[in-house]
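Written out below as structure tokens is the structure these notes cover.
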Amino acid sequence: MTGISLAASNIGGPSRLAVCLGVSPQAVSKWLAAAEPPLERCVRIERETRVSRRDLRPRDWGDIWPELIDAEHPWPPVAPDTTTQEGV
Numbered sequence: 371m372t373g374i375s376l377a378a379s380n381i382g383g384p385s386r387l388a389v390c391l392g393v394s395p396q397a398v399s400k401w402l403a404a405a406e407p408p409l410e411r412c413v414r415i416e417r418e419t420r421v422s423r424r425d426l427r428p429r430d431w432g433d434i435w436p437e438l439i440d441a442e443h444p445w446p447p448v449a450p451d452t453t454t455q456e457g458v
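Read left to right, the sequence shown gives residues 371 to 458 (this note's numbering).
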């Protein structure tokens with residue numbers, strides 16, 4: 371499960387996440403397909419869903435938010451997504 375899919379699940383689904391963030395359901399669907407939300411939405415998603423920015427952007431969170439590198443992780447990390455796009 372990716373961070374953004376967990377965020378959607380935590381708040382009641384993609385449509386509910388879209389309403390909460392003031393974006394279209396299509397935008398959230400795009401984020402789910404890309405497996406990560408845009409940078410400018412991550413802080414709000416973290417606050418609303420309790421899914422950390424580390425989990426929302428696992429590939430680049432340390433470059434974007436270096437202040438989080440030494441910070442205590444506020445919530446348990448999301449299990450890594452072990453699915454691949456091959457054969458899907």
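C-beta atoms are modelled at their ideal positions from N, C-alpha and C, and glycine is treated no differently.
A quick note: this is a predicted structure, and the numbers were derived from the prediction, not measured.
Inspect the beta-carbon positions of Gly373 and Pro428 and report whether they are closer than 8 Å. For the purposes of this step, residue 373 is identified with residue 3 of the sequence shown, where counting begins at 1. For the purposes of this step, residue 428 is identified with residue 58 of the sequence shown, where counting begins at 1. Cβ atoms of Gly373 and Pro428: closer than 8 Å.
Distance between beta carbons of Trp401 and Pro407, contact taken as under 8 Å: Numbered from 1 along the sequence shown, position 37 holds the residue referred to as residue 407. Numbered from 1 along the sequence shown, position 31 holds the residue referred to as residue 401. About 4 Å; that satisfies the 8 Å criterion.
Work out the CA separation of Glu416 and Ser422 for me, nearest whole Å. Against the sequence shown, residue 422 aligns to sequence position 52. Against the sequence shown, residue 416 aligns to sequence position 46. Rounded to the nearest angstrom, the gap between the Cα atoms of Ser422 and Glu416 is 5 Å.
Spatial neighbours of Ile381 in its chain, beta-carbon cut-off 7 Å, leaving aside the 5 residues before and after: Start at 1 with the first residue of the sequence shown, and residue 381 comes out as number 11. Leu387, Cys390, Glu418 and Thr419.
Going by other Cβ atoms of all chains shown within 10 Å of its Cβ, with 16 needed for buried, is Pro436 buried or exposed? For the purposes of this step, residue 436 is taken as residue 66 along the sequence shown, with counting starting at 1. Pro436 is classed as exposed because its beta carbon has fewer than 16 other beta carbons within 10 Å across all chains shown.
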